[in-house]
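Sequential numbering of the sequence shown, starting at 3, is according to the numbering used here.
Don't be surprised by glycine CBs; every beta carbon is placed ideally from N, CA and C.
For clarity, every value in this text was computed on a predicted model and none was experimentally measured.
As structure tokens, the structure follows; a few thoughts come after it.
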Amino acid sequence: NRRIVLASRPSGAPTLANFRLERVPVPRAGAGQVLLKTLWLSLDPYMRGRMSAAPSYAPPVAVGDVMVGGTVARVEQSGIEGYRPGDIVLSYGGWQDYAVSDGTDLMVLPAGMSHLSRALGVLGMPGFTAWYGLLKIGAPKAGETVVVAAASGPVGAVVGQLARLHGATVVGVAGGPEKCRRVREELGFDACLDHRAPDFAAQLAAACPRGIDVYFESVGGKVFDAVLPLLNTFARIPVCGLIAHYNDSVYDGGVNTDPGPDRLPAFMGQILIRRLRVQGFIILEHYSEFYAEFLHDMQPLVESGKIRVFEDIVDGLENAPAAFIGMLEGKNSGKLLVKVSS
Ligand code: NDP
């Protein structure tokens, strides 16, 4: 039984030295518990936050503890009524081969589900994040312009495709010409721009001749700088993530020691003058109210091919740390998953 623990807290970008692979005996499930064998592990940007000690909406992983993460797993032993060996479940087993659960974090997946990994992507947390943030906060109308950051990832890909289905013009932002090509040609966005291009801000202005009505924010940094001057009156900004800042100490609530100009008045001024609606959200809070509605909407769209899916699959638990570090640098193309066993 292998498991990957947090060896030390990162300062800035995580490195391989922050993780440690350990071998421990396979645990046993007691009464009121099930033993799970991990099939798929999801790697997600929020895990960077859990590696820091700073307070957030969820507690940090303690140094020496197994890294947390969503998993699809098979029940091996069951001490809980309603779970049988062989059941395939959505769980939160973390970065390890086997996990013991008390059942509170489990959901049995339908028998015969054809693509189990999708329960961690388009039909799971990232897809739900996209659906909720776009439709409940962004609320795009036909004819409006929607700009989507991190457009090739599991959240951005769904945001853009859903916005197109709602009749909006959709402009994606992604890292590099190949990701942009796939977003345009395979996901059907109207345009997709490379945020690394030196004239990115000018390209964005040219791609949004009627301004921006919804900006789905997952990045921050210079992407947001380019978006701000283009926002229309009454534009909506669902603030889903700020990945460009996850390695900054100010993001963790630290003190800003940057001697640069104070840009807060300029931003607040635009919120006031253009009556912008800027709303953060944490998807965990919305499962009980909206997850069923999301699945009801999304499943047919995925099955009919109206929503297309990109997955980036890494083989072997031991490769999870490098893949995770790569994701924070934009090396993944689509939902990043580790195939742990079959
Ligand atoms: P992705 O698979 O899209 O991975 C992150 C991507 O961010 C990278 O591939 C990279 O793509 C891009 N990126 C990284 N650094 C930068 C940078 N400095 N500037 C611009 N782009 C950068 O992840 P997800 O789709 O899973 O998540 C997208 C966002 O949604 C994240 O911010 C995540 O934290 C957030 N999120 C929030 C939730 C919530 O409840 N609020 C729930 C789930 C996700 P590229 O190469 O294109 O730049």
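Item: Beta-carbon separation (whole angstroms), Arg5 vs Val26, contact threshold 8 Å; Value: 6 Å
Item: Gln163 - DSSP class collapsed to helix/strand/coil; Value: helix
Item: Length-filtered (3 minimum) beta strand (DSSP E) runs lying within the region 88-142; Value: 90-93 and 100-103
Item: Cβ-heavy atom distance, Ile275 to the ligand NDP, below 7 Å; Value: no
Item: Test item: CB-CB of Ala228 and Leu206 under 8 Å; Value: yes
Item: Meets three-Cβ-pair contact criterion under 8 Å: the region 157-169 and the region 296-313; Value: yes
Item: Opposing strand residues paired with Ser251 [DSSP bridges]; Value: DSSP, once it has assigned bridges, lists no residue as partnering Ser251.
Item: Straight-line Cα distance separating Ser93 from Gly105; Value: 9 Å
Item: contact_flag[the region 36-44, the region 285-294] where n(CB pairs < 8 Å) is 3 or more; Value: no
Item: Spatial neighbours of Gly51 in its chain, beta-carbon cut-off 6 Å, leaving aside the 5 residues before and after; Value: Ser58
Item: Within 8 Å, strictly: CB atoms of Met49 and Gly14; Value: no
Item: Check: Lys138 C-beta below 7 Å from any heavy atom of the ligand NDP; Value: no
Item: Heavy atom of the ligand NDP within 7 Å of Ile168 beta-carbon; Value: Ile is not the amino acid found at residue 168; the sequence shown has His there. His168 Cβ: outside cutoff for every heavy atom of the ligand NDP.
Item: Under the three-state DSSP convention, the category Lys333 falls into; Value: coil
Item: Own chain partners of Ser344 with C-beta closer than 7 Å, once the 5 adjacent residues on each side are dropped; Value: Leu41
Item: Cβ-based burial, Ala170 [other Cβ within 10 Å; buried from 16]; Value: buried
Item: Rounded straight-line distance, which links the Cα of Cys182 to that of Val241; Value: 22 Å
Item: Option nearest Asp187 by Cα separation, candidates Ala159, Lys333, Ala199 and Asp250; Value: At residue 187 the sequence reads Glu, which differs from the Asp that was named. Among Ala159, Lys333, Ala199 and Asp250, the Cα nearest to that of Glu187 belongs to Ala159.
Item: His197, buried or exposed, once every other Cβ within 10 Å from all chains shown has been counted against 16; Value: buried
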